[in-house]
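Heads up: the structure comes next, in structure tokens.
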Amino acid sequence: MNKKIAIIGGGNLGTAIAEGLINSGFTLPEHILITKRNIKTLASLEKRGVLVSDNNEEAVRFADMIILAVKPFQVDDILGKLKALFNPEKHVLVSVITGITVGHMQKAVGPQIPVIRAMPNTAIAIQESMTCLAGSQNLNPEQISYIEDLFNQLGKAVWIDEKLMDAATVLGACGTAYAMRYIRANIQGGIEIGFDAATASLIAAQTVKGAAELLLKKGAHPEQEIDKVTTPKGCTIAGLNEMEHQGFSSSLIKGIVASYDKIAKDS
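Residue numbers (this note's numbering): 413 to 679.
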């Protein structure tokens with residue numbers, strides 16, 4: 413890939429994106445420019461060949477694609493200063509900022525600029541993010557394919573209707589915390605039945621990883637895989653039924669809806 417990429421905002425998310433794109437071989441280090449006020453914290457990326465700068469204008473002039481990874485309150489100020497530099501024949505603007513809509517960005521840089529809203533999760537740091545994408549109407553097929561390919565280097569990507577972005581935040585971003593809480597409960601249970609904490613943690617985490625991979629690689633429904641480990645009068649079905657009696661599935665669904673309602677209320 414020969415496109416040049418600027419990442420405005422060299423915080424945890426911005427650096428994770430840069431590292432993932434380099435580690436995957438998607439782009440050359442010298443085709444990435446990342447900006448931050450204090451560029452000293454970007455020294456490790458600079459050593460790998462990434463260009464670093466404290467000048468956002470330089471980043472826009474350098475790049476074909478600009479990934480905006482700053483705080484929500486900084487968006488209007490930053491884009492306002494850069495608006496005159498955006499070229500609809502060259503640039504695509506991508507935001508990985510929670511709550512910043514496609515319309516918001518197009519209002520800031522002009523409706524002629526192709527814009528994409530991306531919602532990754534924290535697993536982007538290890539190239540295992542679930543990233544949901546939504547874009548403006550003026551994206552062409554090549555741009556759509558390129559963006560999807562880019563975020564697939566950082567995990568898996570899916571295009572959704574922008575109106576589902578709040579729901580995607582709950583399922584794909586808050587969902588990381590839900591999964592962690594489930595794993596933590598497994599660890600606590602494992603300790604109670606005899607394992608030390610480190611061994612219980614390894615078994616619980618790898619088991620969840622394996623379960624997820626079964627669904628992703630085989631395209632199976634969870635119940636199909638559950639059926640394979642629930643023998644008549646067995647220990648698995650006894651445990652599952654007890655969890656359901658205690659409201660396991662119901663509490664998870666209620667938690668997801670509660671998180672969604674909180675976003676809807678605050679937006």
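Heads up, the beta-carbon is just placed ideally off N, CA and C, and yes, glycines get one too.
Closer than 6 angstroms: residue i CB and nearest the ligand SAM heavy atom
{"i": "D489", "result": "In the structure shown, the ligand SAM is absent, as is every other ligand, since no ligand is present at all."}
Nearest-angstrom Cβ-Cβ length linking residue i and residue j, presumed shorter than 8 angstroms
{"i": "H443", "j": "K416", "result": "5 angstroms"}
{"i": "L627", "j": "P634", "result": "7 angstroms"}
{"i": "G423", "j": "T447", "result": "Actually they are not in contact, since the Cβ atoms of G423 and T447 sit about 11 angstroms apart, beyond 8 angstroms."}
{"i": "A360", "j": "V514", "result": "In the structure as shown, the chain starts at 413 and stops at 679, and residue 360 therefore has no counterpart that could be examined."}
{"i": "A591", "j": "V620", "result": "7 angstroms"}
{"i": "L445", "j": "A418", "result": "5 angstroms"}
{"i": "R460", "j": "I434", "result": "6 angstroms"}
Below-7 angstroms beta-carbon distance, residue i vs any chain C residue
{"i": "H516", "result": "The chain inventory of the structure shown lacks chain C, comprising one protein chain alone."}
7 angstroms CB neighbourhood of residue i in its chain, flanking five on each side removed
{"i": "K502", "result": "D476"}
{"i": "G432", "result": "I536, Q539, Q565, L566"}
Proximity below 7 angstroms, CB of residue i to CB of residue j
{"i": "V504", "j": "P532", "result": "no"}
{"i": "G426", "j": "A496", "result": "no"}
{"i": "G511", "j": "S541", "result": "no"}
{"i": "L457", "j": "A430", "result": "yes"}
{"i": "A612", "j": "I599", "result": "yes"}
{"i": "A616", "j": "I595", "result": "yes"}
{"i": "I675", "j": "D578", "result": "yes"}
Per-residue burial, residue i [other beta carbons within 10 Å of its own, 16 or more giving buried]
{"i": "S662", "result": "exposed"}
{"i": "S548", "result": "buried"}
{"i": "L545", "result": "buried"}
{"i": "S679", "result": "exposed"}
{"i": "A610", "result": "exposed"}
{"i": "N468", "result": "buried"}
{"i": "A597", "result": "exposed"}
{"i": "V669", "result": "exposed"}
{"i": "A632", "result": "exposed"}
{"i": "M655", "result": "exposed"}
{"i": "S671", "result": "buried"}
{"i": "A580", "result": "buried"}
6 angstroms CB neighbourhood of residue i in its chain, flanking five on each side removed
{"i": "N550", "result": "P526"}
{"i": "V641", "result": "T648"}
Same chain only: Cβ atoms within 8 angstroms of residue i, ignoring 5 sequence neighbours per side
{"i": "F474", "result": "K416, A418, L445, L463"}
{"i": "F664", "result": "The amino acid at residue 664 is misidentified as Phe; the sequence shows Leu. These residues qualify, in order along the chain: Y590."}
{"i": "A623", "result": "E637"}
{"i": "T643", "result": "I649"}
_Count Cβ pairs between the segment 488–495 and the segment 520–528 that sit closer than 8 angstroms; are there 3 or more?_
Result yes; three or more Cβ-Cβ pairs closer than 8 angstroms.
Is it a yes or a no for the segment 573–591 touching the segment 448–464, going by three-plus beta-carbon pairs under 8 angstroms?
-> no
Check: Does the segment 594–607 come close enough to the segment 552–572 to have 3 or more Cβ pairs within less than 8 angstroms?
Finding: no
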